[in-house]
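Peer 1: Last residue of the sequence shown: number 236 in my numbering, and the count goes up by one each step with no gaps. Beta carbons are placed, not taken as given, at the ideal position from N, Cα and C, and that holds for glycine.
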Amino acid sequence: MERTNYHNLLFEILHELAPVPPDLWSSILAVVEIRSYKKNRQLQAKLLDLHIVLEGIIIKRWDDAGPLQNDVIDFISKKQFILHIEDVDGSYFKTDSDVVTAFISRKNIIKLMEEHPIFANHSNYLIATVLNRRSFRGRLLKMPAKDRKTTFGKEYTEANFHCSISDKSSFLGISASYYSTI
């Protein structure tokens, strides 16, 4: 298999989490799928499958949000992870730009951990990161609106630059018109 720039980026991301010995990397290359999605496409995956974003921005949204509800739950950008739990929490992931991900199925994640115990370190970090990001919005919504907007700009630089005001304001729990004035 020819290594692409996306494979190199995936290696860099995983190596930042924990060492990636050559035998583990070979096993990862055997099971990873590099997937491309056009803007406004919904990601499909089974429970606990993994996407690692290599390029672009994905928005996590509530599946049944009404017109008066905030539907943006999170923004996931380059070098960030999606552990699919849509079937459990009533959400979905939709691309906000053209996106490239590295996809590993839950079955293959388990296989990698069984064959390479060090991969459990990677998996634990991925899970902890996803859980931490899920709680970030709750902490953000406790702040005054102006502080929310400032903190969002620092923590979500790509989304702040590329995403629509309506999506950013939805995430921050304020109206788009108020967002534009603060």
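Relative to the C-alpha of leucine 185, which residue among Glu169, Glu212, Asp128 and Met197 is closest?
Peer 2: Asp128
Peer 1: Counting along the chain, where does the beta strand (DSSP E) carrying lysine 148 start and finish?
Peer 2: 145-149
Peer 1: Can you tell me which of His170, Val107 and Lys132 puts its alpha carbon nearest to the alpha carbon of proline 73?
Peer 2: Ranking His170, Val107 and Lys132 by CA distance to the CA of proline 73 puts His170 first.
Peer 1: Give the DSSP-derived three-state secondary structure of valine 107 in the structure shown.
Peer 2: strand
Peer 1: At the level of alpha carbons, what is the spacing between phenylalanine 157 and leucine 108?
Peer 2: 10 Å
Peer 1: Any idea if alanine 213 is buried or exposed, counting beta-carbon neighbours within 10 angstroms, 16 or more meaning buried?
Peer 2: By the 16-neighbour rule on beta-carbons within 10 angstroms, alanine 213 is buried.
Peer 1: Report the rounded CA-to-CA distance for threonine 58 versus tyrosine 232, giving the unit in angstroms.
Peer 2: 44 Å
Peer 1: Report yes if the C-beta distance between aspartate 221 and valine 85 is below 8 Å; otherwise report no.
Peer 2: no
Peer 1: With aspartate 103 and glycine 144 assumed to form a contact (beta carbons below 8 Å), what rounded beta-carbon distance in angstroms separates them?
Peer 2: That pair is no contact at about 17 Å.
Peer 1: Extract the residue ranges of the alpha helix (DSSP H) inside the region 142-201, only unbroken runs of 4 or more that lie entirely within it.
Peer 2: 160-169 and 173-195
Peer 1: With a CB to CB cut of under 6 Å and the five nearest residues on each side skipped, what residues in its chain are close to lysine 200?
Peer 2: Ile236
Peer 1: Which residues in the same chain have their Cβ closer than 6 Å to the Cβ of tyrosine 179, if we skip the five residues on either side of it in sequence?
Peer 2: Cβ neighbours of tyrosine 179 beyond the five flanking positions: Leu71.
Peer 1: Would threonine 155 be called buried (16 or more neighbouring beta carbons within 10 Å of its own) or exposed?
Peer 2: buried
Peer 1: Hey, could you find the ends of the beta strand (DSSP E) aspartate 128 is sitting in?
Peer 2: 126-130
Peer 1: Can you tell me whether leucine 137 is helix, strand or coil according to DSSP?
Peer 2: strand
Peer 1: Hey, how far is the Cα of alanine 174 from the Cα of histidine 61?
Peer 2: If I take the Cα positions, the gap works out to 20 Å.
Peer 1: Flag this pair as yes or no: are the beta carbons of glutamine 98 and lysine 148 separated by less than 8 Å?
Peer 2: No; because the gap between Cβ atoms is not below 8 Å, this pair is not in contact.
Peer 1: Among residues of its own chain, excluding the 5 on either side of alanine 230, which ones have a beta-carbon nearer than 7 Å to its beta-carbon?
Peer 2: Ile219, Ser220 and Ser223
Peer 1: Residues in the same chain with beta-carbon distance under 8 Å from methionine 167, minus the five sequence neighbours each way, listed in chain order, please.
Peer 2: Its chain contains Phe173, Ala174 and Ser177 as the residues whose beta carbon lies nearer than 8 Å to that of methionine 167, once the 5 sequence neighbours on both sides are disregarded; these appear in chain order.
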